[in-house]
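Step one of this worksheet: look at the structure below.
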Amino acid sequence: MSASAPSTNPDNHSERNQENFNLKPIPPEGIFSFACHPGVSCFNRCCHEIDVILTPVDILRMKTELNLPSHEFLTKYTSFHSLKETGIPLVKLQMRENSNGACIFLDGTKGCSIYHNRPQVCRSYPLGVAALDPRHAKLQTEGQSTEARFLIQEDMCMGHREPKTWTLKEWMNDQGTIGLEEENKAWLEIVAKLKAMKMAETQQREISLFMMVSYDLDTFWNFVFESTFLERFVVDEKTIENIKSTEAELLKFGMEWLQYALFGEGNIRPRQK
Ligand code: SF4
Ligand code: SF4
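Residue numbers -12 to 260, in this note's numbering, belong to the letters of the sequence shown in order.
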């Protein structure tokens, strides 16, 4: 996907056409051949009928590009799903009901209309990351870490027949995923902890807090600045200034606060009474 658009998360393929793809583990020093450009006969095919799970950083970048408040972005372009057996709410990009199930951001033959802010799983393809894949629990039991990577080889993807070769690092640099993975790390750690806890539906309060901070930053901003939050938690003046004006900083702060709110951990603490 070096040229213009496509991408996928492999989740859906596992249900859709299991016989037509392979997952090949790639060690950190691994090399693979791949290229994606408008000249490939399959151009844009991978942007149809797929599950693209969005991270909080993806949502922030996309809603900023589209100049929309969180709730409007979520309603217009995404849907909520619970991660199997855990109840953890995840946000997926909407696929169209017509147009062969094209991604809502696929612009005809031109490619991805939000290419510069496309989600992490779109950037990573054809590499999959265990942490963003529902089979990650299985991968872990097989001894692979949440950061384990694998090559998704689908029959329909002609990119694997291109001669250009990449190391993992070169690919990640080219697609801009290294910085993005760092930004998403705190959230992925929270998801991993929640998976281990196997959140039940009875833990509605935790689920609501997780959803607000992860996906609806505008509501979290109100929660921090228009409630008694700052009377209840110790937050220094500089942090208050930063999170009030910069959404990326508010998101980082939110991840720290979730560590406290969900697990009683981290640096943010309630004021002593
Ligand atoms: S199927 Fe593969 S080569 Fe074709 S557009 Fe998608 S990523 Fe590129
Ligand atoms: S966001 Fe862009 S790259 Fe990702 S599936 Fe949609 S159209 Fe394709």
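We put the CB at the ideal spot given by N, CA and C, even for glycine.
| query | result |
| --- | --- |
| Beta carbon of T42 nearer than 7 angstroms to that of W174 | yes |
| heavy atom of ligand 2 below 6 angstroms from D99 C-beta | The question names Asp, but residue 99 in the sequence shown is Cys. Checking the Cβ of C99 against ligand 2 gives yes. |
| Per DSSP, the bridge partner or partners of Q140 | N9 |
| Cα-Cα separation, L181 to I194 | 10 angstroms |
| Straight-line Cα distance separating H24 from K125 | Only weak support exists for where K125 lies, its pLDDT of 45 falling under 50; the value from the coordinates is given anyway. Taking the straight line joining both Cα atoms gives about 33 angstroms. |
| Integer Cβ distance of W208 from F21, believed to fall under 8 angstroms | Rounded, the Cβ-Cβ distance is 40 angstroms, inconsistent with contact. |
| Residue(s) in a DSSP beta bridge with P15 | For P15, which the question treats as bridged, DSSP gives no partner whatsoever. |
| Residue burial classification, K225 (beta-carbon count within 10 angstroms, cutoff 16) | exposed |
| Segment limits, beta strand (DSSP E) that includes T65 | 65 to 69 |
| Pairwise C-alpha distance: L70 and Q191 | 15 angstroms |
| Where the beta strand (DSSP E) through M76 begins and ends | In the sequence as displayed, the identity of residue 76 is Pro instead of Met. Unbroken beta strand (DSSP E) run through P76: 76 to 80. |
| N- and C-terminal bounds of the beta strand (DSSP E) containing G115 | 114 to 116 |
| D45, buried or exposed, once every other Cβ within 10 Å from all chains shown has been counted against 16 | buried |
| F92: CB within 6 angstroms of a non-hydrogen atom of ligand 2 | yes |
| Inter-residue spacing [alpha-carbon to alpha-carbon] between Q140 and I13 | 12 angstroms |
| Touching by the beta-carbon criterion (3+ pairs, under 8 angstroms), the region 28 to 40 and the region 81 to 89 | yes |
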